[in-house]
Amino acid sequence: MTVRNSRGGAPQFGADTDVRHLPTRHLVVAGLNWFVDWEERPHLDYTQPFRLRAERGNPHDKHAVGVWVGEDQLGYLYSGDAERFGALLRRHQKNIIVTGGLQNDERRIWLKGPRYKALETFLETEALERKQRYLAQ
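Each residue of the sequence shown is one higher than the last, beginning at 1 in full-length UniProt numbering.
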């Protein structure tokens, strides 16, 4: 199977936060053809969680957010979403688990991620609760 690695960036955080319960919207995945040949897409393990991982050190896009399933990178979030989501993920030092899968034509990937404002509110609330627990000790 030909699954390529990232274009020079590295996934930034190891902590995963499941946000599949938040209100969703369709997210566009870019660069699929570079990472996974279309003939091989049906053979990836789509039962594993889909993750959005902010990258550091990507020479092509400082806002890059990789789309991963298991240990395989499928592509990147479209740049319009990557800038907003990437900043939020970096600020909270999180990867997020989203819903995704293979289209019926077995060539395209679909991705449902949280609405930005819902994600922002959720991560801010989570950070505040974590801080309050720490201060209460």
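We treat Cβ as the ideally placed atom computed from N, Cα and C, and that holds for glycine.
* Determine the burial state of Ala64: buried for a count of at least 16 other Cβ atoms within 10 Å of its Cβ, exposed for fewer. => Along the sequence shown, read from residue 1 onward, the residue named residue 64 stands at position 64. Ala64 comes out buried.
* Among Arg108, Leu119, Gly70, which residue has its Cα nearest to the Cα of residue 138? -> This structure gives no information on residue 138, because the portion of the chain shown stretches from 1 to 137.
* Start-to-end residues for the alpha helix (DSSP H) that takes in His26 -> Locating residue 26 in the sequence shown gives position 26, where the first residue counts as 1. His26 -> not in any alpha helix (DSSP H); beta strand (DSSP E) instead, spanning 24 to 26.
* Delimiting residues of the beta strand (DSSP E) encompassing Asp45 -> The count along the sequence shown starts at 1 and reaches residue 45 at position 45. Where Asp45 is concerned, there is no enclosing beta strand (DSSP E), given that its DSSP letter is neither H nor E.
* Mark Trp34 as exposed unless 16 or more other C-beta atoms lie within 10 angstroms of its C-beta, in which case mark it buried. => On the sequence shown, residue 34 is found 34 positions in, with the first residue counted as 1. By the 10 Å Cβ count, Trp34 comes out exposed.
* Sub-8 Å separation of Gly75 and Gly31 beta-carbons -> The residue labelled residue 75 in the question sits at position 75 within the sequence shown. The residue labelled residue 31 in the question sits at position 31 within the sequence shown. In contact: Gly75 and Gly31 (Cβ atoms closer than 8 Å).
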